[in-house]
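*Asks:*
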Amino acid sequence: MSTILYTLIALSAFAANSLLCRMALQSGDIDPLSFTAIRLASGAFMLLGLLLWQAKLRQLKSQRAKPLSDKGNNISALSLFVYALCFSVAYVDLNTGTGALILFSAVQLTMIGHSVLNKEPLSKVQWGALFVAFAGFIYLMLPSATVPSFMPAMLMALSGVAWGVYSIRGKSCSSPLQATSFNFLRSLILVPILVFLAVVDWQGITATGVYLAIASGALASGLGYSIWYIALPRLKSSQAGVVQLTVPVLATLAGVVFLDEQLTARLITASALILGAVLVFLMTKKRSL
Numbered sequence: 021m022s023t024i025l026y027t028l029i030a031l032s033a034f035a036a037n038s039l040l041c042r043m044a045l046q047s048g049d050i051d052p053l054s055f056t057a058i059r060l061a062s063g064a065f066m067l068l069g070l071l072l073w074q075a076k077l078r079q080l081k082s083q084r085a086k087p088l089s090d091k092g093n094n095i096s097a098l099s100l101f102v103y104a105l106c107f108s109v110a111y112v113d114l115n116t117g118t119g120a121l122i123l124f125s126a127v128q129l130t131m132i133g134h135s136v137l138n139k140e141p142l143s144k145v146q147w148g149a150l151f152v153a154f155a156g157f158i159y160l161m162l163p164s165a166t167v168p169s170f171m172p173a174m175l176m177a178l179s180g181v182a183w184g185v186y187s188i189r190g191k192s193c194s195s196p197l198q199a200t201s202f203n204f205l206r207s208l209i210l211v212p213i214l215v216f217l218a219v220v221d222w223q224g225i226t227a228t229g230v231y232l233a234i235a236s237g238a239l240a241s242g243l244g245y246s247i248w249y250i251a252l253p254r255l256k257s258s259q260a261g262v263v264q265l266t267v268p269v270l271a272t273l274a275g276v277v278f279l280d281e282q283l284t285a286r287l288i289t290a291s292a293l294i295l296g297a298v299l300v301f302l303m304t305k306k307r308s309l
């Protein structure tokens, strides 16, 4: 498959993740600590199952098993854990618009900052496209944004930085499925802390909350992040950062389809601005896409 298709699938998974998290956390079906623990654990088990299935297929085809070429690393695993935890905890006290503004602003600053520091300069057209895309993003999210409390805002910003770091480190992975699997497995070392804290401050969870957390972890996170790691080596840091501005658009459109939210002129206008600007950014200089 092409880089464009991998990227679109990954971005759709991110949007689904946002929708699942919002449905679970803002409805009170599960607390953020339990959600994060189940999300990471289910993602790890799904990916481990895929690795074993891949090895079994090779065995059936009488092919020699490949050695594990990419076992992830502690920094990526920690970034994944920090992102997932801070995202869940912050969204309890932030509305969707405010959370998205803070999260994706932090992601942009992290990834484009990395791009500039690593001498991947942007052209004037790209800077202009980035400005238009971000303006469209703010236009989309601003009506639902409110002045946030300090701690939730800091947690969401930290979540964005952590996700930016996780994405940047994925550019050098040699085996996306292996790298993602081991990053999830490594993150499980910290999950018992979440379980302990959740039990201490037990608020109760529903079956719906558990199902949403499993779907978020196994499908939207586990599979989605593996596909993202396939696309990342083919994208520049600036490109990988900018395309993620489409996630709130996709998530909002999904809300219209699945949550019966209203399709407004603001949504249509903002979507056109963001998607058009992202396309211009990616087409400029005709690089890796």
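Note that the working numbering has the sequence shown beginning at 21, numbered continuously upward. By construction, the Cβ of each residue, glycine as well, lies at the ideal position given by its N, Cα and C atoms.
For Ser38, does the count of other Cβ atoms within 10 angstroms reach 16, so buried, or fall short, so exposed?
*Replies:* buried
*Asks:* When DSSP labels each residue in this structure, what does Pro212 get in the three-state scheme?
*Replies:* helix
*Asks:* Among residues of its own chain, excluding the 5 on either side of Val276, which ones have a beta-carbon nearer than 6 Å to its beta-carbon?
*Replies:* These residues qualify, in order along the chain: Leu283.
*Asks:* In this structure, does DSSP put Asn94 in helix, strand or coil?
*Replies:* helix
*Asks:* Once the 5 residues before and after Ala33 are set aside, which same chain residues still bring their CB inside 6 Å of it?
*Replies:* Ala240 and Gly244
*Asks:* Please look up how many angstroms separate the CB atoms of Ile122 and Met176, rounded, as I've assumed it's under 8 Å.
*Replies:* Ile122 to Met176, Cβ: 4 Å. Contact.
*Asks:* So is Arg78 buried or exposed if we call it buried at 16+ other beta carbons inside 10 Å?
*Replies:* By the neighbour-count rule (16 or more Cβ atoms within 10 Å), Arg78 is not buried but exposed.
*Asks:* Roughly how many angstroms lie between the CA atoms of Gln223 and Ser108, to the nearest whole one?
*Replies:* 15 Å
*Asks:* Excluding the 5 residues flanking Arg307 on each side, which residues of the same chain have their C-beta closer than 6 Å to its C-beta?
*Replies:* Because the pLDDT of Arg307 is 47, which lies under 50, any placement of that residue in the model is unreliable, and the question is left without a value.
*Asks:* Return the chain-ordered list of same chain residues with a C-beta closer than 8 Å to the C-beta of Thr304, the five sequence neighbours on each side being excluded.
*Replies:* Taken in chain order, the residues that qualify are Ser143, Val145, Gln146 and Ala149.
*Asks:* Using a Cβ-Cβ cut-off of 7 Å (strictly less than) and excluding sequence neighbours within five positions of Ala173, which residues of its own chain qualify?
*Replies:* Ile122
*Asks:* Thinking Tyr103 and Ile250 are a contact (beta carbons under 8 Å), I'd like their distance in whole angstroms, please.
*Replies:* Going by Cβ atoms, the distance from Tyr103 to Ile250 rounds to 19 Å, so no, they are not a contact pair.
*Asks:* Beta-carbon within less than 8 Å of Ser135's beta-carbon, same chain only, minus the 5 sequence neighbours each way: which residues are those?
*Replies:* Leu142, Lys256, Ser257, Ser258 and Gly261
*Asks:* So, is Gly69 buried or exposed, given that buried needs 16 or more other C-beta atoms within 10 angstroms?
*Replies:* exposed
*Asks:* Should Asn138 be labelled buried (16 or more other beta-carbon atoms within 10 Å of its own) or exposed?
*Replies:* exposed
*Asks:* Would you call the stretch 180 to 198 and the stretch 53 to 62 in contact, with 3 or more CB pairs under 8 Å?
*Replies:* Contact between the stretch 180 to 198 and the stretch 53 to 62 is absent, because fewer than three Cβ pairs lie under 8 Å.
*Asks:* Is DSSP giving Cys193 helix, strand or coil here?
*Replies:* Cys193 falls in the coil class under three-state DSSP.
*Asks:* Determine the closest residue to Phe151 out of Leu265, Ile24, Ala274 and Ile288, with distance taken between C-alpha atoms.
*Replies:* Taking only the C-alpha atoms, the option nearest Phe151 is Leu265.
*Asks:* Grouping DSSP H, G and I as helix and E and B as strand, with all else coil, what is Pro172?
*Replies:* helix
*Asks:* Between the beta-carbon of Ser99 and the beta-carbon of Ala182, is there less than 8 Å?
*Replies:* yes
*Asks:* If you draw a straight line from the C-alpha of Leu160 to the C-alpha of Leu287, how long is it?
*Replies:* About 6 Å.
*Asks:* Output needed for Leu31: all residues of its chain with C-beta closer than 8 Å, excluding positions within five of it in sequence on either side, in chain order.
*Replies:* Val263, Gln264, Thr266, Val267 and Leu270
*Asks:* So for Ile234, helix, strand or coil by DSSP?
*Replies:* helix
*Asks:* Assuming Val298 is part of the alpha helix (DSSP H), what are its boundary residues?
*Replies:* Ala285 to Met303
*Asks:* With 16 other CB atoms within 10 Å as the buried threshold, where does Leu162 fall?
*Replies:* exposed
*Asks:* Extract the residue ranges of the beta strand (DSSP E) inside the stretch 118 to 174, only unbroken runs of 3 or more that lie entirely within it.
*Replies:* Qualifying beta strand (DSSP E) stretches: none in this window.
*Asks:* Using 8 Å as the threshold, is the C-beta distance between Asp49 and Ile225 below it?
*Replies:* Remark: C-beta atoms of Asp49 and Ile225 approach each other more closely than 8 Å.
*Asks:* With 16 other CB atoms within 10 Å as the buried threshold, where does Asp280 fall?
*Replies:* exposed
*Asks:* Buried or exposed: which applies to Leu67, given that a residue is buried once 16 or more other Cβ atoms fall within 10 Å of its Cβ?
*Replies:* buried
*Asks:* Since I believe Leu197 is in contact with Ser246 (beta carbons under 8 Å), could you give me their beta-carbon distance rounded to a whole number of angstroms?
*Replies:* 5 Å
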